[in-house]
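Heads up: the protein sequence lines correspond to chains A and B, in order. For the first sequence, our numbering gives the first residue as 1, with consecutive numbering after it. For the second sequence, our numbering gives the first residue as 1001, with consecutive numbering after it. Glycine residues also receive a C-beta, built at the ideal position from the N, C-alpha and C atoms.
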Amino acid sequence: MTDLTRLELLRRAALGGAALSIPGFLAACGGDDGETAGTTTGESAALASTLRFSNWQLYIDRDAKKKSPSLEQFTAKSGVKVNYVEDVNDNATYFGKIQGPLSQGRGIDRDIIVMTDNSRFPGLLVSKKWVEPLDKERMPNISNLIDAQMSPPFDPDRTYSVPWLSGITGLATNVKASGGRIVTTMQQLLEDPKLKGKVTLLTEVADTMSPIMLENGDDPSKVTDESWNKAYDRIQKAVDAGQIRRFTGNDYVADLERGNIAAALSWSGDVATGLAANKALRWNLPEQGSDIWTDNMFIPLDGSVPTASEYMNFYLDPKVAAMVAVGTGYISPVKGVKDEAVKLDPESANNPLIFPDDEILSNVVQFDSAALNNQTYIEQWQQLLGA
Amino acid sequence: MTLIHRHRWLAPLFLLAPGLAWLAIFFLVPLGFLAYQSLQSGTFEQGYTFTWQFSNYKDAITGYDEQLVRSFVYAGIATVATLLISYPLVYWIAFHGGRWKNMLLLLIVAPFFVTYLIRTLAWQNILADQGPVVGFLRDIHVLSADGRLLATTFAVVSGITYNFLPFMALPLYVSLEQIDARLLEAAQDLYASKTKAFLRVTLPLSAPGIVAGTLLTFIPAAGDFINAQLLGTPKQYMIGNVIQSKFLELIDYPAAAALSFVLMALIMVALLVYARVVGTEKLTG
Chain A
1 MTDLTRLELL
11 RRAALGGAAL
21 SIPGFLAACG
31 GDDGETAGTT
41 TGESAALAST
51 LRFSNWQLYI
61 DRDAKKKSPS
71 LEQFTAKSGV
81 KVNYVEDVND
91 NATYFGKIQG
101 PLSQGRGIDR
111 DIIVMTDNSR
121 FPGLLVSKKW
131 VEPLDKERMP
141 NISNLIDAQM
151 SPPFDPDRTY
161 SVPWLSGITG
171 LATNVKASGG
181 RIVTTMQQLL
191 EDPKLKGKVT
201 LLTEVADTMS
211 PIMLENGDDP
221 SKVTDESWNK
231 AYDRIQKAVD
241 AGQIRRFTGN
251 DYVADLERGN
261 IAAALSWSGD
271 VATGLAANKA
281 LRWNLPEQGS
291 DIWTDNMFIP
301 LDGSVPTASE
311 YMNFYLDPKV
321 AAMVAVGTGY
331 ISPVKGVKDE
341 AVKLDPESAN
351 NPLIFPDDEI
361 LSNVVQFDSA
371 ALNNQTYIEQ
381 WQQLLGA
Chain B
1001 MTLIHRHRWL
1011 APLFLLAPGL
1021 AWLAIFFLVP
1031 LGFLAYQSLQ
1041 SGTFEQGYTF
1051 TWQFSNYKDA
1061 ITGYDEQLVR
1071 SFVYAGIATV
1081 ATLLISYPLV
1091 YWIAFHGGRW
1101 KNMLLLLIVA
1111 PFFVTYLIRT
1121 LAWQNILADQ
1131 GPVVGFLRDI
1141 HVLSADGRLL
1151 ATTFAVVSGI
1161 TYNFLPFMAL
1171 PLYVSLEQID
1181 ARLLEAAQDL
1191 YASKTKAFLR
1201 VTLPLSAPGI
1211 VAGTLLTFIP
1221 AAGDFINAQL
1231 LGTPKQYMIG
1241 NVIQSKFLEL
1251 IDYPAAAALS
1261 FVLMALIMVA
1271 LLVYARVVGT
1281 EKLTG
């Protein structure tokens, strides 16, 4: 099964959706181009004309024309256009950017933002009341969430959030830049002299610390000062030796593609799907394991609750969730996605990154959430990042 | 009108008022607020309170002395480099540019029509490991087979030099352009060699431009963080990177504010020393 066929399928699916809802389609064509959340007339009076959506790079299904079939389907169905912006590079930087207006009770011109549960920020957004509660009346599909995603610690009743996708942190190699070697352990990444200056780690503390702690024989889900220091010292040593080129967010993608870096800590779907065209790239789970995380959608203050809730409900439909999961190579939080994915692309059902098997699941852990909020660790980490 | 007629001394105040108001609102008030913040304590989660926390300053200096020193070294090298590059350039334009003068000046400023960030990102491509520049330097063995330019001190200092070149070149041009060519003729009539005429006449007369250019380059360069961020590694990070991450990522306002003040104070000291060495009259020409 080639990519083309899959894309064609997705495109047809999008067209089908558009044909089913002609009024919606017309509304989409006639809507205004402004980014402000004006309202449309008619029965969907409460919906804004545009959904403003902030997400990470390589995190939505794209067809050959770089359009997203699932978002187009949403527009066709609801009449709401989507202004989809890939402006989240890492959690801390994005949070830093939005916390100014939010702390003054102002909106950020977004209806949906996406932040990861292995950072302290989802918890902060909820505790500071910087997010709007979902309109559950519009969201019957929320019952489609898999059990494991029903009650995360930062939002036990899913009052404010809906999971987007989950993923695993691993090792990406550009074999052209690495001289043919494929990196499969953290030791190689941090110490192989042949990779000196051509390695990036992630600014996300959980994603970088977890695989190192696992290799040290420590448990990242129960961080102690000892295990923290042991892993921290290993990174510090690699930084001092000039092994580490940079700490990155999603921006590792550009350097990896160009071959400026040979190996990178990387998120599972990026290389498997988003960068699949580049044949020099490989992705591996570190031999001693790594961490698994989930990104979550929130409605920031002043975002249009009906519009965002409508979209989230649309997303929680297994058919749509399957399009996104297959298109991005990440793990869906929605029940029944596998059956739908088989229809879209039978091969994807065998992709262990989208539907992780027991072997992978036994090798990944969730990072200790208490450690994420430890002030000493936070400051030490920032110092390691070079500032 | 009559008020001004009766109290003539009020006139300059009226003229100064917009400038003073602007300074007060956009400089003094934020500066005061920053000073207030720099003496707070607490955490982002619990909020910050004003407690005369002078230790913020001590922590700022002891924790980030490395980045502070690096900022001044990088800014210093870049300033000297911009001077060495732009002096011959604008000298030629001022004395030999003829009717092309304006065109040539425009060329110096032209890169500024593109935003700072994009200009610096372009250097990422130019200096890329698999790019043509590095390829060529490897071929002629200036760089070793796996040597690189991007993510090095050289890239960061070059980036700063490139980005601040016009700030040096334009004031230099103004002071060189104003030099009366007859003075040089007079020097030669008095048997000064070309070198001597340059050293005794041209150079001293262009000193105000050198001083102005140095200040305009050095001060923003010392606080720059874009070049280190995009062209360097954590080992090249400057104090601007620390302040940026403290403000926007750690959201540790007191530490960031204290660091900003430390940076300002150090720049002030550097300027006072500089003014002492070159003499303040050079600043005003």
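Using a Cβ-Cβ cut-off of 7 Å, R1148(B) is close to G197 of chain A, given in chain order. For L285(A), there is no enclosing beta strand (DSSP E), as DSSP marks it with neither H nor E.
Close to I113(A), with beta-carbon spacing below 8 Å, lies no residue of chain B; the smallest spacing is near 16 Å.
According to the DSSP assignment, R120(A) belongs to no beta strand (DSSP E), since it is labelled neither H nor E. With contacts defined as CB atoms closer than 7 Å, T75(A) and K81(A) qualify as a contacting pair. For Q1130(B), the closest Cβ of chain A is nearer than 7 Å. Exclusion of the five residues before and after N118(A) leaves A206, W293, F367 as the residues of its chain whose Cβ lies within less than 6 Å of its Cβ. Here E340(A) carries a helix assignment [DSSP, helix/strand/coil]. Note that the stretch 1156–1169 of chain B touches the stretch 1111–1125 of chain B; at least 3 beta-carbon pairs, one per stretch, sit closer than 8 Å. Around the CB of Y1116(B), fewer than 16 other CB atoms lie within 10 Å, so the residue is classed as exposed. Annotation for A1155(B): L1127, L1149, L1231 place their beta carbon closer than 6 Å to its own, counting only its chain and skipping 5 residues before and after. Less than 7 Å divides the Cβ of Q1067(B) from the Cβ of V1242(B).
By the Cβ neighbour-count rule, G217(A) is exposed, with fewer than 16 other Cβ atoms within 10 Å of its own. In this structure, DSSP gives N83(A) an extended state, which the three-state scheme calls strand. Per DSSP, F1095(B) is one residue of the alpha helix (DSSP H) stretching across 1065–1096. In the DSSP assignment, G100(A) falls within the alpha helix (DSSP H) that extends over 91–103. DSSP places T1062(B) in the helix class (H, G or I) of the three-state scheme.
The beta carbons of D291(A) and S210(A) sit closer together than 7 Å. In this structure the stretch 1060–1079 of chain B lies against the stretch 1255–1271 of chain B, because at least three pairs of beta carbons, one per stretch, are closer than 8 Å. Just so you know, the alpha carbons of A349(A) and V199(A) end up roughly 32 Å apart. Within chain B, the residues placing a beta-carbon under 8 Å from that of K97(A) are L1248, ordered along the chain. Residues of the stretch 1162–1188 of chain B with a C-beta atom less than 8 Å from some C-beta of chain A do not occur. N216(A) carries a coil assignment under DSSP once its states are collapsed to helix, strand and coil. Taking a beta-carbon distance threshold of 7 Å, A92(A) counts as an interface residue toward chain B.
Here the C-alpha atom of N141(A) lies approximately 22 Å from the C-alpha atom of S49(A).
Contact of V239(A) with chain B by beta-carbon distance below 8 Å involves P1234, K1235. Just so you know, the alpha carbons of F298(A) and N363(A) end up roughly 29 Å apart. Among the bridge pairs identified by DSSP, N296(A) is matched with M115(A), P163(A). In this model, V1029(B) and K319(A) are separated by some 56 Å (Cα to Cα). Taking 8 Å as the upper bound for CB-CB distance, D111(A) and S304(A) are in contact here, some 5 Å apart. Your pair L1172(B) and Y1253(B) does not check out as a contact, with CB atoms roughly 39 Å apart and the cut at 8 Å. V1278(B) sits away from V1201(B), with the two beta carbons spaced by 7 Å or more.
Annotation: I108(A) has no Cβ neighbours in chain B at a cutoff of 9 Å; minimum Cβ distance is about 14 Å. T1043, F1044, E1045: these are the residues of the stretch 1033–1056 of chain B whose beta carbon lies less than 9 Å from some beta carbon of chain A, given in chain order. The C-beta of A148(A) has fewer than 16 other C-beta atoms within 10 Å across all chains shown, which makes the residue exposed. If you draw a 10 Å sphere on the C-beta of I98(A), you find 16 or more other C-beta atoms in it, and that means buried.
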